[in-house]
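Report on one structure; see the data block that follows.
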Amino acid sequence: MTTSYGKYGGQFVPEILMPALAELEEGYQRYKDDPEFLKELDFYLKDFAGRETPLYFAKNLSKKYGTRIYLKREDLVHGGAHKLNNTIGQGLLAKYMGKTRIVAETGAGQHGTATAMIGANLGFDTVVYMGAKDVERQLMNVYRMKLMGTVVHAVESGSKTLKDAINEALRDWVTNVENTHYLIGSVVGPHPYPMIVRDFQSVIGNEVKEQIMEKEGRYPDSIVACTGGGSNAMGIFYPFVEEKDVKLFAVEAGGSGMATTEHAALHSASLSVGEEGVLHGARTRILQDKYGQILESHSISAGLDYSGVGPELAYLADIGRLTPCHANDDEALEAFHELSRMEGIIPALESSHALAYVMKAAQSGELGNLVVINLSGRGDKDLETVINLEKGGKL
Amino acid sequence: MNIPDKFSELRARDESALIAYVCAGDPTQDATEGIVQALIRGGADIVELGLPFSDPVADGPTIQAASGRALSAGMNPDRYFELVKSLDVDVPLVCMTYYNLIFKRGIEKFVLDCIDSGISGIIVPDLPVEESEELAECCTRNDVDLIFLIAPTTSVDRIDMILEHGSGFMYLVSRVGVTGARSDVAESTSKLLSRVKTDIPKAVGFGISTGKQAKEVVEDGADGVIVGSAFVDIIASGKDVNARLEALAKELKDGILLAK
Ligand SMILES: Cc1ncc(COP(=O)(O)O)c(C=O)c1O
Numbered sequence: 001m002t003t004s005y006g007k008y009g010g011q012f013v014p015e016i017l018m019p020a021l022a023e024l025e026e027g028y029q030r031y032k033d034d035p036e037f038l039k040e041l042d043f044y045l046k047d048f049a050g051r052e053t054p055l056y057f058a059k060n061l062s063k064k065y066g067t068r069i070y071l072k073r074e075d076l077v078h079g080g081a082h083k084l085n086n087t088i089g090q091g092l093l094a095k096y097m098g099k100t101r102i103v104a105e106t107g108a109g110q111h112g113t114a115t116a117m118i119g120a121n122l123g124f125d126t127v128v129y130m131g132a133k134d135v136e137r138q139l140m141n142v143y144r145m146k147l148m149g150t151v152v153h154a155v156e157s158g159s160k161t162l163k164d165a166i167n168e169a170l171r172d173w174v175t176n177v178e179n180t181h182y183l184i185g186s187v188v189g190p191h192p193y194p195m196i197v198r199d200f201q202s203v204i205g206n207e208v209k210e211q212i213m214e215k216e217g218r219y220p221d222s223i224v225a226c227t228g229g230g231s232n233a234m235g236i237f238y239p240f241v242e243e244k245d246v247k248l249f250a251v252e253a254g255g256s257g258m259a260t261t262e263h264a265a266l267h268s269a270s271l272s273v274g275e276e277g278v279l280h281g282a283r284t285r286i287l288q289d290k291y292g293q294i295l296e297s298h299s300i301s302a303g304l305d306y307s308g309v310g311p312e313l314a315y316l317a318d319i320g321r322l323t324p325c326h327a328n329d330d331e332a333l334e335a336f337h338e339l340s341r342m343e344g345i346i347p348a349l350e351s352s353h354a355l356a357y358v359m360k361a362a363q364s365g366e367l368g369n370l371v372v373i374n375l376s377g378r379g380d381k382d383l384e385t386v387i388n389l390e391k392g393g394k395l
Numbered sequence: 001m002n003i004p005d006k007f008s009e010l011r012a013r014d015e016s017a018l019i020a021y022v023c024a025g026d027p028t029q030d031a032t033e034g035i036v037q038a039l040i041r042g043g044a045d046i047v048e049l050g051l052p053f054s055d056p057v058a059d060g061p062t063i064q065a066a067s068g069r070a071l072s073a074g075m076n077p078d079r080y081f082e083l084v085k086s087l088d089v090d091v092p093l094v095c096m097t098y099y100n101l102i103f104k105r106g107i108e109k110f111v112l113d114c115i116d117s118g119i120s121g122i123i124v125p126d127l128p129v130e131e132s133e134e135l136a137e138c139c140t141r142n143d144v145d146l147i148f149l150i151a152p153t154t155s156v157d158r159i160d161m162i163l164e165h166g167s168g169f170m171y172l173v174s175r176v177g178v179t180g181a182r183s184d185v186a187e188s189t190s191k192l193l194s195r196v197k198t199d200i201p202k203a204v205g206f207g208i209s210t211g212k213q214a215k216e217v218v219e220d221g222a223d224g225v226i227v228g229s230a231f232v233d234i235i236a237s238g239k240d241v242n243a244r245l246e247a248l249a250k251e252l253k254d255g256i257l258l259a260k
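Protein sequence lines correspond, in order, to chains A and B. When we follow the working numbering, the leftmost residue of the first sequence carries the number 1, and every step to the right adds one. When we follow the working numbering, the leftmost residue of the second sequence carries the number 1, and every step to the right adds one.
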């Protein structure tokens, strides 16, 4: 059994969890090609999530930037982001494996909401851990989760954000491992999570393959996706990894600058400037100080605000298959406005980073003539943040 | 003194070990010497000194808070090794920390720093056997014990694999969950003790806080009792700390000695 991607990945977890990871891997291998499981997965993706999502030709953007730009409309998935693709897959897997309880972490509340949806639908006891700071910043999503019967715990430890929510979800899992599935929200964590989440999110890239062939008769020159943990990026990249002519761009949050203070980075660009280390069960690139203490990260978008990144992205970056890059808070905010104004689509602040990178890079020609952007989510959840910023508030 | 010698000494007296955990530098670096001495006066046979990590996933609220206090007071790996080196003790010292701090320092350097500062064993709660090859090899080469955990969820096959790699003592986790004091001893403890068949000493930890619990665990067959959060709670209270640490260590050791 290979648990790694080159030197990255692995299973750096307490002994208590090792049997649970083996059980999960076994369950996944058993059901991933099981006709009944696949039929149910297909049903949920179609009738519950609303797939397939359109591949939309953004004619106004294309004209302005002088290249053909398509948007993969994950913002139209039920819940408003790609996150549900993964929670449907893992939720069903947990059900087939006989679990009765699911726990999850959430940053912005998008993954928590997507977990709450499938949790309610499949009848799980559902518990979501969310940093106390994020609970404050994302009251709407907290309420959405509660409406669907999920118990939301505000995490008061550490920096009170996503990384601390993951710590707390792991502690819950360690304590309740017998009946509980940890439904992790991105391609991070110990093996087999990066693989499972990637596979469930690959529906994005698989659809793009067919759609772009139908519309353009060829594969795109570049695919651009924002990258926090990396699930929407791996989801759209993975089916194209072997298509060597398609360039892959992973856009991280440049935050308010590519620098660090003693305990915190001003950005979340672990793939671009992080160093090798071990966080949340995996060896990957992380933001850390010279001793290996984890640095807090920063981004205007809560969903990208994370000190680590999926191990497979670190591997693909090392071998030169994907290009890590970044867009900062201001650029993302500008892109947020521009897409709203020009195309009538309000993007999530996370996805706005991918848009911002295309707006920056299109002129240089590095993206080629045919670009697909993963529009990972819609911006309704971010309106309060943006309104506050425009009133002169702080992030 | 190293860990195997300590256990031989205790075995000769038909006695089980009290292994005390505290977080180095909690609440300050200056406090640690007095704390360690109090634990030893009370009867601690081995002292585990936590090297605090920013994201201690295997720890409950008590030790998380201790790590936070120590980090805020400026603890870091350089200072940790200086501090440990300055301690005037003749019991075995064990370093307990998370893998990223070892990885970042460089495995070889970390192990050499342990030796140089007088540490004879290392416990890494987020490093299962499967990921331990490099560190284990380095520890073996340098005669440092790498201590592995065995949990109630660990299968027979895994137990065999862990026993093959572990040395010093086996750290049996008495219950599923994170560290933290509890009022009872889990039923799973005696089952786990009987499932792990080895000549390597078996020490039980996670949740033990009283002399009565310590006695029960030893009666179930433990060669050592590991207590952490109960000591850390005293440190956190800030009241009469060293006297109370000594008294609790004495209560625990008395419980251990009463066991038959
Ligand atoms: C809309 C949206 N895009 C992207 C992300 C980042 O996650 P990932 O990098 O796993 O796709 C999030 C996370 O909450 C999100 O809500």
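For each residue, glycine too, the CB sits at the ideal point set by N, CA and C. All figures in this text were calculated on a predicted structure; none of them were measured in a lab.
Whole-angstrom distance between residue j and residue i, CA atom to CA atom
i      : j      : result
G257/A : A265/A : 9 Å
K63/A  : N369/A : 12 Å
F249/A : A225/A : 6 Å
S4/A   : M18/A  : 15 Å
S229/B : S209/B : 8 Å
N388/A : A116/A : 27 Å
V273/A : M195/A : 24 Å
R158/B : V129/B : 9 Å
V204/B : G180/B : 13 Å
I3/B   : G121/B : 7 Å
S237/B : T227/A : 43 Å
Q29/B  : L49/B  : 12 Å
T2/A   : T67/A  : 41 Å
K197/B : A348/A : 56 Å
Proximal chain A residues relative to residue i, where beta-carbon distance stays under 7 Å
i      : result
Q64/B  : S157
E130/B : Q11
A151/B : E15 and I16
V176/B : I16, V174, T175 and V177
P77/B  : Y291
Residue i burial status per 10 Å Cβ neighbour count (16 or more: buried)
i      : result
T100/A : exposed
V144/B : buried
N142/B : exposed
F139/A : Sequence check: residue 139/A is Leu here, not Phe. Answer is exposed; the Cβ neighbour count stays below 16.
I35/B  : buried
M130/A : buried
G320/A : exposed
L258/B : exposed
R341/A : exposed
D34/A  : exposed
Proximity of residue i and residue j at Cβ, strictly below 8 Å
i      : j      : result
T87/A  : L183/A : yes
Q211/A : L41/A  : no
A31/B  : M75/B  : no
T189/B : D160/B : no
G92/A  : G27/A  : Residue identity differs from the one stated: residue 92/A is Leu in this sequence, not Gly. Contact flag unset, no.
T126/A : G149/A : yes
S67/B  : P56/B  : yes
F231/B : I200/B : no
H353/A : A233/A : no
I147/B : V94/B  : yes
Q293/A : F53/B  : yes
A21/A  : P239/A : The sequence shown places Leu at residue 21/A, rather than the Ala named in the question. Their beta carbons are not under 8 Å apart, which means L21/A does not touch P239/A by this criterion.
V155/A : A120/A : no
G43/B  : K253/B : yes
Proximal chain A residues relative to residue i, where beta-carbon distance stays under 8 Å
i      : result
R105/B : Y291 and G292
D126/B : F12, V13, P14, V278 and G281
S155/B : P19
Proximal residues of chain B, C-beta to C-beta of residue i below 9 Å
i      : result
N167/A : D55, P56, V57 and Q64
Where residue i meets chain B, residues with beta-carbon distance less than 8 Å
i      : result
Q288/A : N100 and K104
Neighbour list for residue i in chain A, Cβ cutoff strictly below 9 Å
i      : result
V225/B : What V225/B touches in chain A: nothing, since even the nearest Cβ is about 19 Å away.
V173/B : P14, E15 and I16
R244/B : Simply none; closest approach about 26 Å.
Within chain B, partners of residue i - CB distance below 7 Å
i      : result
L170/A : V57
Subject >> Every unbroken alpha helix (DSSP H) within the segment 38–97 of chain A, with a cutoff of 4 residues, ordered by chain >> reply: 59–65 and 83–96
**OP:** Only counting runs of 3 or more residues, tell me where the beta strand (DSSP E) segments fall wholly within the segment 164–194 of chain A, in order along the chain.
**Re:** 180–182
**OP:** Scan the segment 147–225 of chain B and note each continuous beta strand (DSSP E) run of 3 residues or more that stays entirely inside, going in chain order.
**Re:** 170–173 and 202–205
Original post:
Which runs of the beta strand (DSSP E) fall wholly inside the segment 91–115 of chain B and span at least 3 residues, in chain order?
Top reply: 93–96
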